[in-house]
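Asks: Just passing along the structure, written as structure tokens.
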Amino acid sequence: ASNDGLLRIGLKKKKLDPNSRLAARLESKNGEPFRSSIRKYNL
Amino acid sequence: DSKDADIVILKNYLDAQYYGEIGIGTPPQKFTVIFDTGSSNLWVPSSKCYFSIACYFHAKYKSSDSSTYKENGKPASIQYGSGAISGFFSNDNVQVGNIVVKNQEFIEATREPSVSFVVAQFDGLLGLGFQEISVGNAVPVWYKMIEQGLVSEPVFSFWLNRNSDEEEGGEIVFGGVDPNHFKGKHTYVPVTRKGYWQFDMGDVLIGGKPTGYCAGSCAAIADSGTSLLAGPTTVITMINHAIGATGVVSRECRTVVQQYGQSILDLLLAEVQPKKICSQIRLCTFDGTRGVSAGIESVVDENKGKSNGVIRDAMCSACEMAVVWMQNQLMQNQTQNNILNYANELCDRMPNPMGESTVDCGTVSTLPNVSFTIGGRVFDLSPEEYILKVGEGPSAECISGFTALDIPPPRGPIWILGDVFMGPYHTVFDYGNLRVGFADAA
Numbered sequence: 002a003s004n005d006g007l008l009r010i011g012l013k014k015k016k017l018d019p020n021s022r023l024a025a026r027l028e029s030k031n032g033e034p035f036r037s038s039i040r041k042y043n044l
Numbered sequence: 008d009s010k011d012a013d014i015v016i017l018k019n020y021l022d023a024q025y026y027g028e029i030g031i032g033t034p035p036q037k038f039t040v041i042f043d044t045g046s047s048n049l050w051v052p053s054s055k056c057y058f059s060i061a062c063y064f065h066a067k068y069k070s071s072d073s074s075t076y077k078e079n080g081k082p083a084s085i086q087y088g089s090g091a092i093s094g095f096f097s098n099d100n101v102q103v104g105n106i107v108v109k110n111q112e113f114i115e116a117t118r119e120p121s122v123s124f125v126v127a128q129f130d131g132l133l134g135l136g137f138q139e140i141s142v143g144n145a146v147p148v149w150y151k152m153i154e155q156g157l158v159s160e161p162v163f164s165f166w167l168n169r170n171s172d173e174e175e176g177g178e179i180v181f182g183g184v185d186p187n188h189f190k191g192k193h194t195y196v197p198v199t200r201k202g203y204w205q206f207d208m209g210d211v212l213i214g215g216k217p218t219g220y221c222a223g224s225c226a227a228i229a230d231s232g233t234s235l236l237a238g239p240t241t242v243i244t245m246i247n248h249a250i251g252a253t254g255v256v257s258r259e260c261r262t263v264v265q266q267y268g269q270s271i272l273d274l275l276l277a278e279v280q281p282k283k284i285c286s287q288i289r290l291c292t293f294d295g296t297r298g299v300s301a302g303i304e305s306v307v308d309e310n311k312g313k314s315n316g317v318i319r320d321a322m323c324s325a326c327e328m329a330v331v332w333m334q335n336q337l338m339q340n341q342t343q344n345n346i347l348n349y350a351n352e353l354c355d356r357m358p359n360p361m362g363e364s365t366v367d368c369g370t371v372s373t374l375p376n377v378s379f380t381i382g383g384r385v386f387d388l389s390p391e392e393y394i395l396k397v398g399e400g401p402s403a404e405c406i407s408g409f410t411a412l413d414i415p416p417p418r419g420p421i422w423i424l425g426d427v428f429m430g431p432y433h434t435v436f437d438y439g440n441l442r443v444g445f446a447d448a449a
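Chains as they are written, first to last, in my numbering: chain A, 2 to 44; chain B, 8 to 449.
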């Protein structure tokens, strides 16, 4: 916040990274099998 | 809410790249959240989340540690494109910057089954959309800020720092705009449908040439919670072709262009209304406003297999796209041969729905601008602005900032102007006057 009456919130940013893209692909293509394997191995 | 489910599923939180910190409870428990103009609820993981791996990687809200917690208990769930969350509502104070929003309703997420949330660098989400799309009709944080007199003006604005060399991610300003972060004046357009920050947008241009698809206006949503810029396959395919982005070869598209291309062209030259062409060649039926797949009839016709219907649906869509592509080329006075070749080439550039396309990093500087007409002003995106670089050095990959998303009428077609657009253009969300404004970011 500052004395001009505005409330300023700084934002952090994250670079696109290979890990998150991999997760996106797992989610869209193999989401259910991936979740099944998590259940299978009691993760 | 199921009635809005078709829109809610557009969200792709995994790609959200900008986030900030808030506190919930007394004393405040810190959470990293996406400030998302494309949704309206606040949710964070709950300490009662036991069976989702994602909860173990993120901060969790513990109501018993807060002296201002008020029990609510109403169940809630939100379905997203990259997963879903469910849990229950609670009430507590929310600290944003140095102000405290009292008695805010929010969702304690007890299930986050999506893999996407495991790797996400944010804990939760703070929606800045309208209450009309709020799950459980919860009052959004922004409404409470206004109601409790915590901001001077009912306006908030976004500045996203697209300079990849700088640490600072950007700034959201509640109560007005920061003059340090934009140049010139904002171009304002009215909100046309309350819920999302939705407005009417004009034509999309590639290299300064109109595509024609949105000449009669398209709906668009300013969405800080989406990284990329999503739009109808018809136009994204044209963009992919112009920027050399990889696409998926569509057999139906090829078949339509090869078997019906000349007929489509003849009908366009005969000045038949473009929207009626695909029904004239019996690939769609015409409902008065647009083509409807003739394949839909196969659902009620037991003599036809369902798979046949699916193929015909695809043929209808391919035909409608081919009409737009050919019409666009005709307006540029191309020869018939060139037009057919162009349509055939576009079939190789069709994007995966909500998928990503890669481009050759070496060609980025030679690619054309892609522009969007909003409120009479043309907003350019240069290739450096719409191509995202992933990784460094020789292993770096360049991905297109455009992705395909097809929402059928009457709600669609819709463009989602995510961070790819909100980076170069400082965006004002004017709640008091129900309008959205864009100016060059500084």
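Beta carbons: idealized from backbone N, C-alpha and C, even for Gly.
Check whether the Cβ atoms of B/D447 and B/V162 lie closer than 7 Å to each other.
Replies: No. Outside cutoff.
Asks: Counting contacts by CB-CB distance shorter than 7 Å, is B/Y25 in contact with chain A?
Replies: B/Y25 counts as touching chain A.
Asks: Pull the bridge partners of B/A227 from the DSSP assignment, please.
Replies: Answer is B/F206, B/W422.
Asks: Give a yes or no on whether the minimum CB-CB distance between B/I228 and chain A is below 7 Å.
Replies: No, because no Cβ of chain A sits closer than 7 Å to the Cβ of B/I228.
Asks: Hey, could you find the ends of the beta strand (DSSP E) B/Y25 is sitting in?
Replies: Residues 25 to 31.
Asks: Considering only residues of the region 318 to 399 of chain B, which uninterrupted alpha helix (DSSP H) runs meet the minimum length of 4 residues and lie entirely inside it, listed in chain order?
Replies: If we require 4 residues or more, the alpha helix (DSSP H) runs fully inside the region 318 to 399 of chain B come out as 343 to 354, 390 to 393.
Asks: Tell me, please, whether the CB atom of B/V146 is closer than 7 Å to any CB atom in chain A?
Replies: No, because no Cβ of chain A sits closer than 7 Å to the Cβ of B/V146.
Asks: If you run the structure through DSSP and keep just helix, strand and coil, what is B/G143?
Replies: DSSP places B/G143 in helix when its eight states are reduced to three.
Asks: Please confirm whether B/C323 and B/C368 have their CB atoms less than 7 Å apart.
Replies: No, Cβ-Cβ distance for B/C323 and B/C368 is not below 7 Å.
Asks: Express the C-alpha separation of B/A66 and A/I10 in angstroms, rounding to a whole number.
Replies: C-alpha separation (whole angstroms): 20 Å.
Asks: Please list the partners that B/S159 has in chain A, where partner means a Cβ-to-Cβ separation under 7 Å.
Replies: The answer, in chain order, is G6.
Asks: If you reduce the DSSP assignment to three classes, tell me which class B/S97 lands in.
Replies: Correct three-state label for B/S97: strand.
Asks: Taking C-alpha atoms, which residue in B/I29, B/D355, B/L236 lies nearest to B/V264?
Replies: Of B/I29, B/D355, B/L236, the residue nearest in Cα terms is B/D355.
Asks: Does the region 232 to 245 of chain B come close enough to the region 412 to 429 of chain B to have 3 or more Cβ pairs within less than 8 Å?
Replies: Contact between the region 232 to 245 of chain B and the region 412 to 429 of chain B is present, because at least three Cβ pairs lie under 8 Å.
Asks: Since B/V443 and B/F206 should fall inside the 8 Å C-beta cutoff, what is the C-beta to C-beta distance between them, to a whole number of angstroms?
Replies: That pair is a contact at about 5 Å.
Asks: May I ask you to list the residues that DSSP assigns as paired with B/K67?
Replies: DSSP, once it has assigned bridges, lists no residue as partnering B/K67.
Asks: Can you tell me which of the three DSSP states B/D308 falls into?
Replies: Its pLDDT being 37, under 50, B/D308 is placed unreliably by the model, and the measurement read from it follows with that caveat. B/D308: coil per DSSP, three-state reduction.
Asks: Report the partner residues of B/H433 according to the DSSP bridge assignment.
Replies: Bridge partners of B/H433: B/A446.
Asks: Going by DSSP, which residues form a beta bridge with B/R289?
Replies: Its beta-bridge partners do not exist; DSSP assigns none.
Asks: Which one or two residues does DSSP pair with B/P52 in a beta bridge?
Replies: Paired residue(s): B/A116.
Asks: Give me whichever residues DSSP pairs with B/V103 in a beta bridge.
Replies: Looking at the DSSP assignment, B/V103 forms a beta bridge with B/I29, B/I106.
Asks: If we require 3 or more residues per run, which beta strand (DSSP E) segments fall completely within the region 132 to 201 of chain B?
Replies: Correct list: 162 to 167, 177 to 181, 189 to 197.
Asks: Please check the pair B/P455 and B/A411, which I expect to be a contact at CB under 8 Å, by giving their CB distance rounded to whole angstroms.
Replies: The question about residue 455 of chain B has no answer, for chain B in this structure spans 8 to 449.
Asks: In this structure, what does DSSP give as the bridge partners for B/E404?
Replies: B/V397, per the DSSP bridge assignment.
Asks: On the three-state DSSP scale, how would you describe B/G45?
Replies: Coil at B/G45, not helix or strand.
Asks: Run through chain A and tell me which residues come within less than 8 Å of B/N100, C-beta to C-beta.
Replies: None at all; the shortest Cβ gap to chain A is about 16 Å.
Asks: In whole angstroms, give me the CA-to-CA distance for B/L49 and B/G131.
Replies: Whole-angstrom Cα-Cα distance: 7 Å.
Asks: Is the beta carbon of B/I243 sitting closer than 7 Å to the one on B/Y203?
Replies: Cβ distance not < 7 Å, so B/I243 and B/Y203 don't count as in contact.
Asks: What in chain A is Cβ-close to B/D185, meaning under 8 Å?
Replies: By Cβ distance, chain A contributes L7, R9.
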